[in-house]
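Numbering (this note's numbering), first residue to last: 39 to 322. One structure is given here, and the rest of the page talks about it.
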Amino acid sequence: MRSLVGLVIVVTVASLYLYYLSLYLPAPPRRRPPSGATTTTEHAEGKESGHLGDTPEETSRLKFPSDLEELRELAELLQFYKTEHTGYVLLLFCSAYLYKQSFAIPGSSFLNILAGAIFGPYEGLLLACVLTTVGSTMCYLLSQAFGKHYIMNLFPEKVSMLQQKVEDNRDCLFFFLLFLRFFPMTPNWFLNMSAPIINIPITFFFCSVFIGLLPYNFICVQTGVMLSEVPSLDDLFSWERLLQLLAIACVALLPSALIRRFSQGHLRLGVRSQNGVATDEKAQ
């Protein structure tokens, strides 16, 4: 009961922090008026549109995106703010990302895409990798502090199965963790929460998340870069863009192929019972 109260307090404090961070927006930069416009026109446009973010409609756009259209609108809004409030946009993005990762909330792929759209291919990829790793580690620590008992009660069979596979691959644990990230046999959120329960060292966990999710983050960030470049969502699915995505996917899958090749001779990925005799099954 004490652990549940502690978790509720942590979630409440983090939620209030994120809410107030998104509520009190800094003064947005002014839109540049069209060239040749008169002072009267500028004044009229100022009355009609005002500053971006001055209206409740603009403020309400600061929410977690649930589809590509909302993602595109949010990217445009934050790109506009970033021109004069880079620090605020960076703080807001990092806080939202860590909130999702720490509490195992689905939808981090949208934030990876948003990172590419706002910060570009290199800074966006670095941000996505660092935030994914830090957020997953925070989820690990929260589970270790508050969630062990509840996870064991809610998912006893899954925890037991994962524990057995970890013990079978204890001699090459780091590569086994990489394999789980490249070829998820269990969802990432569950692996993050169950890792402290099945005695995975936090150093192995940290490094395996950073390296193992790099291809996935790379694909998402590059998609976000393309999303920020196309004039409409329909253009995102043109043959040129689809070929670019295919090339990106091929590059990202190279590390996965290397890990897969290594796993064929070293990792034990399943234990099946045949006529009452346990037999190890290696990756095929």
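Backbone N, C-alpha and C define an ideal beta-carbon position, used for all residues, glycine too. A quick note: this is a predicted structure, and the numbers were derived from the prediction, not measured.
Kindly indicate the opening and closing residues of the alpha helix (DSSP H) around residue i.
i      : result
ASP206 : 194–206
TYR62  : Segment: none, TYR62 is in no alpha helix (DSSP H) and carries neither H nor E.
ASN237 : Taken as a continuous stretch (DSSP letters only), ASN237 belongs to no alpha helix (DSSP H), as it is neither H nor E.
ALA225 : Here residue 225 turns out to be Pro, not Ala, going by the sequence shown. Premise fails: PRO225 is in no alpha helix (DSSP H) and is neither H nor E.
GLN23  : Residue 23 is absent from the model: the chain starts at 39 and stops at 322.
Rounded to whole angstroms, what is the Cα-Cα separation between residue i and residue j?
i      : j      : result
GLN182 : MET231 : 8 Å
GLU114 : THR261 : 15 Å
THR170 : LEU136 : 8 Å
THR93  : LEU63  : Legend: pLDDT at THR93 = 47, less than 50; position of this residue unreliable, value from coordinates given subsequently. Using only the alpha carbons, I get a separation of about 11 Å.
TYR119 : TYR178 : 33 Å
SER53  : LEU129 : 15 Å
GLY158 : ASN150 : 11 Å
MET223 : LYS203 : 11 Å
ALA142 : GLU267 : 30 Å
PHE214 : GLY154 : 29 Å
GLY44  : GLU195 : 26 Å
SER140 : MET176 : 5 Å
ASP105 : ILE189 : 30 Å
VAL197 : ALA134 : 29 Å
VAL259 : LEU252 : 10 Å
Under 6 Å Cβ to Cβ from residue i, same chain only, skipping five residues before and after it: list those, please.
i     : result
ALA75 : Note that ALA75 scores 44 on pLDDT, short of 50, meaning its location in the model is unreliable; the coordinates nonetheless yield the value given after this. None.
SER60 : LEU100
Residues in its own chain within less than 8 Å of residue i by CB, not counting five upstream and five downstream?
i      : result
VAL48  : LEU180, PHE184
VAL127 : LEU116, TYR119, LYS120, ILE156
PHE212 : PHE242, CYS245, SER246
VAL263 : GLY154, ALA155, GLY158, PRO159, GLY162
Flag residue i as yes if its beta-carbon sits less than 8 Å from any beta-carbon of chain C, otherwise no.
i      : result
SER133 : No chain C is part of this structure, which consists of one protein chain only.
Enumerate in chain order the residues of its own chain whose CB-to-CB distance from residue i is below 7 Å, with the five nearest sequence positions on each side excluded.
i      : result
VAL46  : none
ILE249 : LEU216
LEU200 : THR224, SER232, ILE236
Which runs of the beta strand (DSSP E) spanning at least 3 residues fall entirely within the segment 109–177, listed in chain order? Taking only runs of at least 3 residues, no beta strand (DSSP E) segment lies wholly in the segment 109–177.
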